[in-house]
Amino acid sequence: MSSNNQCNELIFYVNGTRIIEKNADPEEMLLSYLRKKVHLTGTKYGCGGGGCGACTVMVSTYNPFQDRVHHFSANACLFPICSLYGAAVTTVEGIGSTKTRLHPVQERIAKAHGSQCGFCTPGMVMSMYTLLRNNPEPTMEDIREGLTAHPRCLCLLAFHSDSLPVNRTGTVFTTSPRMLIEDTTELSLDSALSWVWVVSAVVMLLAQKQGAQQLCFQSDRIRWISPVDLSDLLELRSTYPEAPLLVGNTNVGPNMKLKGAIYPMIIAPGRIAELSTVKEGEDGITFGAACSLTAVKDELKRAVSELAAEKTKIFQALLQTLSCLAAKQIRNVATLGGNILSANPKYDLNSIMAAAGCTLTLVSKGGSREIQLNEEFFTGFGKTVLRPDEILLSVHIFYSRQWEFVSAFRQAQRREFAFSIVNAGMKVVFKEETNIVDSLSIFYGGVGPTLVRARRTCQELVGRPWEEALLWEACRLAGDDVCLSPSAPGGRTEFKKTLTLSFLFKFYMQVLLKLKEMDVCVTDLPPEYLSALKAFENEMPQGYHSYQAVSSAQSLEDPIGRPTVHQSAFKQATGEAVYYDDIPSIDGELFLFLVTSTRPHAKIMSIDASEAVSMPGVVTFLSTKDVPGNNRRQWLTEVEELFAEEKVTCVGQIIGGFVANTREEAKRAAERVKIKYEDLSPVFFTIEEAIQHQSFFKPERKLERGNVEEAFEKVDCILEGEIYMGGQEHFYMETQGVIAVPKGEDGEMHLFVGTQHAAYTQEVVAATLGVDANKVTCHVKRLGGGFGGKVMKIAVIASAAATAAHKTGRSVRCVLDRGDDMLITGGRHPFLGKYKVGFSKDGTILAADITYYSNGGSTLDESSFIMEKALLHMDNCYKIPNLRGRGLVCKTYLPSNTAFRGFGGPQGMMVIESVLHEVAAKCSLPAEKVRDINMYKEEAYTHHRQLFEPRDMVRCWEECLKKSAYHNRRLGIEEFNAHNRWKKRGISAVPLKFGIGFSKGFFNQGAALVHIYKDGSVLVIHGGTEMGQGINTKMIQVASRVLQIPMSSIHISESCTGSVPNAAPSAASFGTDAVGMAVKDACEKLMKRLEPIMRENPKYSWAEWIKKAYCEKISLSATGFFMGPHTSVDWEKGEGQAYFYFTCGACCSEVEIDCLTGDHKNIRTDIVMDVGHSINPALDVGQIEGGFVQGLGLFTLEELKFSPEGVLLTRGPSQYKIPALCDIPPQLNTHLLADTSNPHAIYCSKGIGEPTVFFGCTIFYAIKEAIAAARKDSGLSGNFPLNSPATPEKIRLACVDRFTQMVPAAEPGTFTPWAVDV
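FYI, the numbering for the sequence shown is 5 to 1322, going by this note's numbering.
Shown next as structure tokens:
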């Protein structure tokens, strides 16, 4: 097409502002454009791969065929700006603000306590806003579907059907037809809210003016062309056969962003009418290849609702798959053709469409052809039979026939929004009115590099009756058709082959039932088999919360004990809350991208950065020689390096970094650096290998009570065993990073940083720069989640950025990509617990000897402290008279693991709970009875000789059993299991005793600074860090009570080392205790100074008292300090007051498992917690439930996978799955124990941030109970191993049956596994 018919100006709207971009970069995504160029930072970077929903926006485009504007949610991180021509983008800032007015969705999520750290709150708001924009009266399923893209956050629970704002503002949700607007560069809007009135008209007007022009955008590396019609597209395809076709960018985008792929030419055919049309014909429906998956789903739903059921069997199978395929934001842009042509066997649609016999229409300049979608269409991973000049025009999906039956199956790590591990499509056609197979199609995805057809199975079963003999013959033949090497990519080969048989069995049963319904004479299906055919339904979580109301005698102005809304909730809901990477760039600011090791143990022979430094925009390369102070620092008994000097000891160790003008330039330079290594020995990664090499950090820790050896001689029974507990990624939504700003005088450096321990970051950066700590100031506004991961590792990243700022003399920003964050920063320690336990026949445990091994990685970090906490919690709630624990931290060649919510406590308690569970099984007793028998019942000393009063712990336990109706439900579960062979249920209740505070006593301190200004307003500064737990809100409540002024008069700006020095980390569930007492102390000092004036002038207002005090030269500023208890443990003697006090609770969970697939559904959870006198019940409930959900992930879902070469394979949300909405129990009830008090802490409250992570183990043990029931049906009894997390793979393989026995496991040592358990 001639240049005269080309347009190289990009025109679109953002929140009512017309954007004309004359130099649109095809590589730029909407997210970075919004944040950097439009300066709208409410849209957040969470993962960069469309897996977290934090960057959700609403995009509005005009559909000329339907003559209406289409509004849809999308991930800004995957949306190229060049795709936006003629579109309108609405961000969270565009729908409401605290400066104007809130949109009802923003108001709802804030007032319903639905925002904690708040980082991904704007994304949730936009998901719901878009839903309501399209559907003012959504169903609960619509709401649930809209929130699927937002994993883990308990903010999701705020959107209940009885409280969702539906059409509250009338016209806000009205999609008006046409409106006439003036074509002005800037729309004349009275406020941001007015934009929602005119968005439709803007888009329609712009689309009409667009005309038939080819869009062409060019950058230094990529040319983007959007053809105007089909002939234009085919001409371009012929000219540029290697150029990818891009519509949704859900495949090309991640390849470019995450894999470094470069495409010099991109063709974007999104405007081609023929590619987006849907035609209903006599034998089926034809979809244009560019139809979005959402459009396909909507059309299929319409067809199913309007057509006869026998014609829509294929449609129903496709809908079943589409319902759990990706999230709404992905389906809105991902296309049917893109899903097919990606040729990825993990994508679910190909297997069912191949089985259904769908056909594809391919076109080129030379003509068109029609081919069938089958295994021959795929020639290899990511490859198809399309000729270079061809495109996929359309996909035809046939109507089904009467004697045809079709089913789709999938099993993933998570039920929704996860790639399938194995997927399958199956279709059988019978000779009319018989059960004789006329044809059979079985296709599998995920069991090879391409789609696999069970060819021999399909051929040999034709002509045979649909009966049990056919089933077992099919399983035998399918076992031969599916060939998987034990070393196959993705691993899980035994599980995958088992799934192929399980799916066959399910299909066999489904068809058998259908034939029975059609009066064909077939074998009856045993009634206990029927539940296997019912898929788990995903439900919107609901719950009941109870807490003790404040006394009627308490003043209404006193906020303590009241469920006050999070102080930043409204700002978080509108995107106005500022996180470190939202701070505007300083003029001349640079970006640092870190270079990390690709070898686990090697000597660095040379580093050649010459080519990289010469690249455009690159300023310098940073390495150990650039550190002005100390590159090495002493940490306990170990020396740790900032930049690797002579050798590396893990993949992901920081070697250096590139400083450039932009993130993209720095990243490209890092990809060009040449590092030569010389591999060193030994190299090992697992706990077992470390034990073999006797590779441990010092010192070994030990605790012992009683005489274990003597007790073993007197017990009735002895049981030995072990349990492995995998690690966990923090997956805070805000990745780690910092802005280092050199002040240009006296070596001063200011850091705007996301850290839980600002004082430590200050200390490490000062040592790195070779300056005193008073020259380094750390500012912390808020964190987008921390979970312990931002205590230690952020200091290293901050030091690197500060070194870059020192070298260049300019501000330097460093923000880790999600994959690098996961690679560099480590996570929760994997643990191996080996135990020997002696007990009596009634289940009383008399002796236990436990050895703990943790995988510390290559450096010490906080591993020794974490092991200590595991040992200190090894008794949990049980008084075992003879108890011994030893702890060894393994030194391996992995990135070092670090602090994580719970800090070793969950691992320590998990082993003793496993002991209790196994003892119960051995004694044929209910597990809760054995727990009750061994529980502390009266005041006693723990195994580390700290006095413990268990009264409230026992109350929690008893109330939990009562409120959960545990015993009645257990009987019901036994009844259910007796009548269901392939679905089983389990229930588990577990008590909790968790130590609060630091066992290193010097950390148990808090400080605060309180200023009163002349107008009466109050500024509070404290040493804690706000990371979603609500510490700022609670501190304002404390100050409000003491000063007797409204909370609205009190402000907390930030945490700053220049205001409150030497603060302890916000960790150990001790933040509120420490800084709360400090704030109280400072406020009491001020009130004591004001007391004479207040007494002399009782009728004055607060502001008048303050003015009077100022005039009388009374100081209106005070420091507060809390010197907490001296806690310590004498590890030589094995005793000590380790904790300030204990927070106790109990939890009961019920699950149901699918014995054939390993899938499970969490049915109900009840939690009872003793939090003393809660300062803020709403915040405490949020922390309790948030901790539980994170624990749910730890014990059942989240798996870190390392290659045999020590490379982390799970480096993003597509590979690593955290809990999503489908994982939260539909019924989640939380109760705060009434009539309790804690004299040790601020206003008799208790710390609650960490303990409930452990309650995720109730899901694990309920699953184990369900597995035991399944094994019993297979004739297996007694104890069996199950390691954490209880993933679908582990559940399925533990449910031993005829299908698992048909898949023999490969002999260890005979192959190289794809991944290892470290």
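Positions of the beta carbon are idealized from the N, C-alpha and C atoms, including for glycine.
All values derive from a computational prediction rather than experimental measurement.
Report task. Give the secondary structure of Asp853 by DSSP, where H, G and I count as helix, E and B as strand, and everything else as coil. Result -> strand
**Report entry** Same chain only: Cβ atoms within 7 Å of Met609, ignoring 5 sequence neighbours per side
**Finding:** Lys680, Tyr681 and Glu682
Query raised in the report: Which same chain residues, not among the five before or five after Cys721, have their C-beta less than 6 Å away from its C-beta?
Result: Phe843
Query - beta strand (DSSP E) runs wholly inside the stretch 571-647, at least 3 long, in chain order - result: 594-600, 606-612, 622-626, 636-639 and 642-645
Query raised in the report: For Gly4, which residues from the same chain have a beta carbon less than 7 Å from its beta carbon, with the 5 sequence-adjacent residues on both sides left out?
Result: What is shown of the chain runs 5 to 1322, which leaves residue 4 out entirely.
Report task. Could you tell me the boundaries of the beta strand (DSSP E) in which Met132 lies? Result -> Run containing Met132: none in the beta strand (DSSP E); it sits in the alpha helix (DSSP H), Thr125 to Asn138.
Query raised in the report: Helix, strand or coil for His877 per DSSP?
Result: coil
**Report entry** Thr383 Cβ short of 7 Å to the ligand SAH heavy atom set
**Finding:** The ligand SAH is absent from the structure shown, which contains no ligands of any kind.
**Report entry** Residues of its chain near Met871, where Cβ-Cβ distance is below 7 Å and the 5 sequence neighbours each way are ignored
**Finding:** Arg705, Tyr856, Ser858, Gly891, Val893 and Gly908
Report task. Quick one: grab the DSSP three-state call for Lys680. Result -> strand
Query raised in the report: Identify the residues that DSSP records as bridge partners of Pro84: which are they?
Result: Met33
Requested in this report: For the alpha helix (DSSP H) containing Met1039, list its first residue and its last residue.
Outcome: Ile1035 to Leu1047
Query raised in the report: Do you know how far the Cα of Ser815 is from the Cα of Thr578?
Result: 28 Å
Report task. To the nearest angstrom, report how far apart Pro746 and His570 are at their CA atoms. Result -> 34 Å
Requested in this report: Mind checking who Thr243 pairs with in its DSSP beta bridge?
Outcome: Partner(s): none; Thr243 has no beta bridge.
**Report entry** Range covered by the beta strand (DSSP E) that runs through Asn343
**Finding:** From DSSP, Asn343 is part of no beta strand (DSSP E) but of the alpha helix (DSSP H) over Leu340 to Leu345.
Query - Opposing strand residues paired with Ile1157 [DSSP bridges] - result: Lys988 and His1164
**Report entry** Asn886, enclosing beta strand (DSSP E) - first and last residue
**Finding:** Asn886 to Lys895
Query raised in the report: Taking the alpha carbon of Arg137 as the point to measure from, which residue in Cys525, Ala536 and His74 has its own alpha carbon closest?
Result: His74
Query raised in the report: Less than 8 Å separating the beta-carbons of Asn354 and Leu455?
Result: yes
Report task. Tell me, to the nearest whole angstrom, how far the beta carbon of Gly656 is from that of Leu1212; I am working on the premise that it is less than 8 Å. Result -> 7 Å
Query raised in the report: So, helix, strand or coil for Gly999, using DSSP?
Result: strand
Query raised in the report: So, using beta-carbon positions, are Lys967 and Val1172 closer together than 8 Å?
Result: yes
Requested in this report: Assign Leu444 to one of three DSSP states: helix, strand, or coil.
Outcome: strand
Query raised in the report: In the DSSP assignment, what residue or residues form a beta bridge with Gln10?
Result: Gln218
Query raised in the report: Would DSSP call Tyr66 helix, strand or coil?
Result: strand
**Report entry** Proximity to Ser589 [Cα-Cα], best of Lys41, Ala1273, Thr1256 and Arg676
**Finding:** Lys41
Query raised in the report: In whole angstroms, what is the alpha-carbon distance linking Leu1280 and Leu537?
Result: 24 Å
**Report entry** Other residues of its chain near Lys26: CB distance less than 7 Å, five sequence neighbours each side excluded
**Finding:** Glu13
Query raised in the report: With which residues is Pro469 paired in a DSSP beta bridge?
Result: Ile440
Report task. Would you tell me roughly how many angstroms separate the C-alpha atoms of Cys81 and Asp29, rounded to the nearest one? Result -> 14 Å
Report task. With DSSP as the reference, label Leu488 as helix, strand or coil. Result -> coil
Query - Rounded straight-line distance, which links the Cα of Met144 to that of Phe1002 - result: 44 Å
Report task. Could you please give me the residues that DSSP links to Cys1060 through a beta bridge? Result -> His783
Requested in this report: Starting from the C-beta of His754, find all residues in its chain whose C-beta is less than 7 Å away, skip the five residues before and the five after it, and write them out in chain order.
Outcome: Val745, Lys747, Thr781 and His783
Report task. Could you say which of Ala294, Ser296 and Ile289 lies nearest to Val308 if we only look at CA atoms? Result -> Ile289
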